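Trainee:
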Amino acid sequence: MALPARHHGYLSLDLVCDDGRTAIARQRCRPPLQTFGLQNADRHGGAYLQILNPCGGLFEGDSAAVEVSLQRGARLYLTTQAATKVYPAEHGQVTRQHIRLRVAAGATLEYFPLPLIPFARARYTQETKIQVEPGGVCLVAEVLAPGRVARGECFAYRMVRSRVEGWMDDRLALFEQLMLQPEQDSYAGVGLLDEKSYVATLYVLTSEDLTSRLSGWNRCLAGPYGECVGITALAFGGLVVRLLGQTGQEVLRRLDVVHRLIREEGLGLPPLQVYRPFE
Amino acid sequence: MRGTNGGLAPMSFTDQALLRLLQLTDTAFPTGAFAHSFGLETYVARGLVDTAATLEAFIANTLLHAVAPSDGVACIAAARAGADWEGVVQRLDRRLTAMKTVTEFREASQTLGTRFLRTATQLFALPRATRYLAAIDAKHLHGHMSLAYGLTCHDLDLPLPPALAAWFRHYCASLVSVGVRLIPLGQTAGQMLLVRLGTTIITAVERTFEQDIDAMTSFAPGQELAGIFHRDVLTTRLYIS
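Residue numbers (the numbering used here), protein chains in the order written: chain A, 4 to 282; chain B, 1472 to 1712.
Given below as C-alpha cells:
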C-alpha cells in the first residue's frame, strides 16, 4: 500500500539587529512548521523564539527543513515548543530533518531544541550544517532520548542518524555523525552510554579562545555530576560538551548548568530570562 | 578468518607481505602506542573497568562504534584511493581532525601517525606515505594514524582485509596491555581476552568494508568523557591519554 504524501515543513528565518534589538527581517514558513512571536531573551536586545509543530511530531516520510540566518549584531535563543517526537516507520520510510544555521560576525545564535524522542520502530535522519563567520558565536544542543520511556519503549527505534557539520570561516571545524541501530547493537555498555539512557551534546562554535578555562570547568562539573559532563576543545577553536544522564530532566538540567557556565563566564553573554520547561 | 570473509576478496599473502604486516602492527613498532590508554585509565580509576569482562566490553565497544566506523573507514579509503589520492587524503585528514573532538585522542592520532610514518618511510620505499609525511611536516595536513597506515598498506601492496584486521588487533592488544597493568590481570588472562576479541575484530573489519567515506560515524560518548577527565580531572596518570 502506497504511503500518502507527507508533510514537507519548511521554516526560514532571517534576523537582524535593529537599533540594538534583534528583529525578524524575513520569515517564510510552510505548514506544519510555524513560530510563536518573537520575545525578549534578556534586557540587552537578545531575542527568544519558539518553533511550533502543531502536528505533534514528525511522521513516517515527513521531511522538515529549518534555515536560520543571523546578521551582524543579532542575538537569538531558538528552541522548540515541545520535544521532537518521531513516529513509527511502519512502511520503512525515513523521517528527515535538515537544519541550516548561518551566523554573521558579531551575531550569536543559541539553538536549543527540546529532546528528540524516537518512538518504537522510528527511522530518523537529521542533518545540521552550521556556518559561523569569524567573530560570530553559535551554540547548538542535541538531546537524544531512548524513546517513550513511560510506555516502556527504550531503544526500540529502528534507526537514528545525526550528522553535524560546523564550518568556521570556511574551515571544517566540527564533523560528527552517529548512526544508531538498536536492533543490531546495544549502546548501553562501558565506553558508550555507561548504562545511562540519555545522551546530549552541546556544540559551541566561536573564534574566542576558551581553552584556558576548560580544566577548571571540568573539575567543577566532575564533583556534582559524577563525570557525566565534560567539555573539550576543538582543533580550531570552539568547544564540544558531552553529557550523559539517566532521565530527560537530569540531562536537561546538566545541559542548562554547563550552558550558563559557557555563555556567561566564557562568552560574557547576559543571563537568559526565558522559560525553560526543565527548570 | 572465515572462509567467505563476509563477501570480501579472499585473504592471500605473499610471505613478504605477511612479514611486513607483522612488523608494522607489532606493539613494539616505535610509534609510542604503548603510552596511550584512550580513556581506559580513567575507567580503571573510576572502578568501572575492573575485570577481564569489563575490559573486553570497553575494547569491543570502542572498536566497533568509534575506531572501525571512523578511522577504519578512513584507512581503507586512503589505501584504495586512485590517482586523486592526495585530494582524498586531504579531505579525510581534515574530516578526522574535525571528528576527533577530544583533544587527547586527536593529539594521539596525530602523534602516532607521524611517528609511524617517520619509521616506516625509513624502512621501505613508500611514495604516497612519504608525500603525506611531507605535507604534515609542512603543516598543510594534520597527520592521522589511520591515513598513515592506509597509505603504507597501499604502497606495500598489502592485502587490505588482513591489514585492517591486524591494525584492529593492534588496537586491542595495546588496550589489553594497559588493562593487564592497571587492573591488574594475569598475562594469560590478557591473552585469553585477545582470543575472545577475535570475533569482534572480524565483525569490525566486515562492517568497515561496508561503509564509504560519507558514512564515517563515531559514537562512544563514555570513552570521550573518560578522555576529557583523563586530561583535566584525573590526578595520577601513567598514560598520555
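By construction, the Cβ of each residue, glycine as well, lies at the ideal position given by its N, Cα and C atoms.
These numbers were taken from a predicted model, which means no experiment stands behind them.
(1) Hey, does B/P1692 have any beta-carbon neighbour from chain A nearer than 9 Å?
(2) Using CA atoms only, rank isn't needed, just tell me which of B/Y1710, B/H1701 and B/M1687 is closest to B/H1420.
(3) Find the nearest neighbour of B/V1651 within the set B/E1527, B/L1493 and B/D1497, judged by alpha-carbon distance.
(4) Does any residue of chain B have a CB that is nearer than 9 Å to the CB of A/C2?
(5) For A/A278, count neighbouring C-beta atoms within 10 Å of its own C-beta (all shown protein chains included) and say buried if the count is 16 or more, exposed if not.
(6) If I measure Cβ to Cβ from B/Q1561 and keep anything under 7 Å in the same chain, skipping five residues before and after, which residues do I get?
(7) Could you check if A/F39 is buried or exposed, using at least 16 other CB atoms within 10 Å of its CB as the buried criterion?
(8) Under 8 Å from any heavy atom of the ligand FMN, does the C-beta of B/L1618 make it?
(9) Apart from the five residues just before and just after B/T1590, which ones in its own chain have a Cβ nearer than 6 Å to its Cβ?
(10) For the region 1586 to 1605 of chain B against the region 1634 to 1642 of chain B, do three or more pairs of beta-carbon atoms, one drawn from each stretch, fall closer than 8 Å, so that the two count as touching?
(11) Compute the distance between the beta-carbons of B/D1683 and B/A1488, then report whether it is under 9 Å.
(12) Alpha carbons only, please: which of B/S1648, B/R1708 and B/L1656 is nearest the one belonging to B/D1521?
(13) Closer than 7 Å by beta-carbon distance: list the chain D residues that pair up with B/Y1514, in chain order.
(14) Please state if the CB of A/L61 and the CB of A/Y160 are separated by a distance shorter than 9 Å.
(15) Report the neighbours of B/V1704 on chain A: residues whose CB is nearer than 8 Å to its CB, in chain order.
(16) Please confirm whether A/G169 has its beta-carbon closer than 9 Å to some beta-carbon of chain B.
(17) Can you have a look at B/V1666 and say buried or exposed, based on whether 16 or more other CB atoms are within 10 angstroms of its CB?
(18) Identify whether A/Y190 lies in helix, strand or coil by the three-state DSSP scheme.
(19) Would B/S1648 pass as an interface residue toward chain A - the criterion being a Cβ-Cβ separation below 9 Å?
(20) Ordered along the chain, which non-local residues of its own chain (more than five positions away) have a Cβ less than 6 Å from that of B/E1695?
(21) Pull up the distance between the alpha-carbon of A/R263 and that of A/L270, whole angstroms please.
(22) Buried or exposed for A/S189, going by 16 or more other Cβ atoms inside 10 Å?
(23) Could you check the C-alpha separation between B/N1476 and B/P1632 for me, to the nearest Å?
(24) Where does A/G248 land, buried or exposed, given buried means 16+ other C-beta within 10 angstroms?
(25) A/L104 CB to nearest chain B CB: under 9 Å?
(26) Over the uninterrupted alpha helix (DSSP H) stretch that includes A/V254, give me the two end residues.
(27) List the endpoints of the continuous alpha helix (DSSP H) containing B/G1558.
(28) Going by DSSP, name the residue or residues bridged to B/L1618.
(29) Grab me the residues of A/A123's own chain with a C-beta within less than 7 Å of its C-beta, minus the 5 sequence neighbours each way, in chain order.
(30) Where do the N-terminal and C-terminal ends of the beta strand (DSSP E) with A/C32 fall, by residue?
(31) Tell me which residue opens and which closes the beta strand (DSSP E) that A/T128 is part of.
(32) Here's the rule I'm using: 16 or more other beta-carbon atoms within 10 Å means buried, otherwise exposed. How should B/R1473 be labelled?
(33) With distance defined between alpha-carbon atoms, name the residue in A/A125, A/T131, A/Y228 and A/V232 nearest to A/A163.
(34) Quick one: Cα of B/D1497 to Cα of B/L1490, how far?
(35) Between which two residues does the alpha helix (DSSP H) carrying A/G226 extend?
Mentor: Per the coordinate set shown:
(1) Residue numbering aside, residue 1692 of chain B sits at position 221 when the second sequence is read from its first letter. Yes, because at least one Cβ of chain A sits closer than 9 Å to the Cβ of B/P1692.
(2) The displayed coordinates of chain B run from 1472 to 1712. Any statement about residue 1420 of chain B would go beyond what the structure contains.
(3) By one-based count along the second sequence, residue 1651 of chain B stands at place 180. B/V1651 has its Cα closest to that of B/E1527, out of B/E1527, B/L1493 and B/D1497.
(4) Outside the shown range of chain A (4 to 282) lies residue 2 of chain A, about which nothing can therefore be said.
(5) The sequence position of residue 278 of chain A within the first sequence is 275, counting from 1. One detail in the question is off: residue 278 of chain A reads as Tyr in this sequence, not Ala. When all chains shown are included, A/Y278 counts as exposed.
(6) The sequence position of residue 1561 of chain B within the second sequence is 90, counting from 1. Hits under 7 Å: L1612.
(7) The residue labelled residue 39 of chain A in the question sits at position 36 within the first sequence. Burial call: exposed.
(8) Among the components modelled here there is no ligand, and therefore nothing to report on the ligand FMN.
(9) Within the second sequence, the letter at position 119 stands for residue 1590 of chain B. The answer, listed in chain order, is P1501.
(10) no
(11) Within the second sequence, residue 1683 of chain B is the residue found at index 212, counting from 1. Within the second sequence, residue 1488 of chain B is the residue found at index 17, counting from 1. B/A1488 is positioned such that its CB atom lies no closer than 9 Å to that of B/D1683.
(12) Position 50 of the second sequence, counting from 1, holds the residue named residue 1521 of chain B. When each option's Cα is compared against that of B/D1521, the closest is B/L1656.
(13) This model lacks chain D altogether; the protein chains it does include are A and B.
(14) On the first sequence, residue 160 of chain A is found 157 positions in, with the first residue counted as 1. On the first sequence, residue 61 of chain A is found 58 positions in, with the first residue counted as 1. No. Outside cutoff.
(15) Mapped onto the second sequence, residue 1704 of chain B falls at position 233. Within chain A, the residues near B/V1704 are N221, R222, A225 and E230.
(16) Looking up residue 169 of chain A in the first sequence gives position 166. It does: the Cβ of A/G169 has a partner Cβ on chain B nearer than 9 Å.
(17) As a position in the second sequence, residue 1666 of chain B is number 195, starting the count at 1. Its Cβ having fewer than 16 others within 10 Å, B/V1666 is exposed.
(18) In the first sequence, the residue the question calls residue 190 of chain A occupies position 187. Three-state result, A/Y190: coil.
(19) Residue mapping note: residue 1648 of chain B aligns to position 177 of the second sequence, counting from 1. Not one chain A Cβ lies under 9 Å of B/S1648.
(20) Sequence index remark: in the second sequence, residue 1695 of chain B carries index 224 (1-based). So the qualifying residues of the chain are V1573.
(21) Here residue 263 of chain A refers to the residue found at position 260 of the first sequence. Here residue 270 of chain A refers to the residue found at position 267 of the first sequence. The straight-line gap from Cα to Cα measures roughly 10 Å.
(22) Within the first sequence, the letter at position 186 stands for residue 189 of chain A. A/S189 should be labelled exposed.
(23) If you number the second sequence from 1, residue 1476 of chain B lands on position 5. If you number the second sequence from 1, residue 1632 of chain B lands on position 161. Residue confidence for B/N1476 is low, a pLDDT of 46 falling below 50, so the modelled location carries little weight and cannot support an answer.
(24) Against the first sequence, residue 248 of chain A aligns to sequence position 245. Per the 10 Å Cβ criterion, buried.
(25) For the purposes of this step, residue 104 of chain A is taken as residue 101 along the first sequence, with counting starting at 1. By this cut-off, A/L104 is not an interface position.
(26) Against the first sequence, residue 254 of chain A aligns to sequence position 251. Per DSSP, the unbroken alpha helix (DSSP H) holding A/V254 starts and ends at G251 to R263.
(27) The sequence position of residue 1558 of chain B within the second sequence is 87, counting from 1. Note, B/G1558: alpha helix (DSSP H), W1556 to M1570.
(28) Position 147 of the second sequence, counting from 1, holds the residue named residue 1618 of chain B. B/L1618 is not bridged to any residue.
(29) Within the first sequence, the letter at position 120 stands for residue 123 of chain A. Same-chain partners within the cutoff: P91, G150, E156, A159 and Y160.
(30) Position 29 of the first sequence holds residue 32 of chain A. Per DSSP, A/C32 belongs to the beta strand (DSSP E) from R24 to R33.
(31) Reading the first sequence from its first residue, position 125 is the one you call residue 128 of chain A. R126 to V135 is the span of the beta strand (DSSP E), which, as asked, contains A/T128.
(32) Within the second sequence, numbered from 1, the residue matching residue 1473 of chain B stands at position 2. Any answer about B/R1473 is weak, because its pLDDT of 40 lies below 50 and its placement is not dependable; what the coordinates show is given next. Answer is exposed; the Cβ neighbour count stays below 16.
(33) Numbered from its first residue, the first sequence carries residue 163 of chain A at position 160. A quick correction: the sequence has Val, not Ala, at residue 163 of chain A. In this structure, A/A125 is the residue among A/A125, A/T131, A/Y228 and A/V232 with its C-alpha nearest to the C-alpha of A/V163.
(34) Numbered from its first residue, the second sequence carries residue 1497 of chain B at position 26. Numbered from its first residue, the second sequence carries residue 1490 of chain B at position 19. Approximately 10 Å between the Cα atoms of the pair.
(35) One-based indexing of the first sequence puts residue 226 of chain A at position 223. Residues T214 to Y228.
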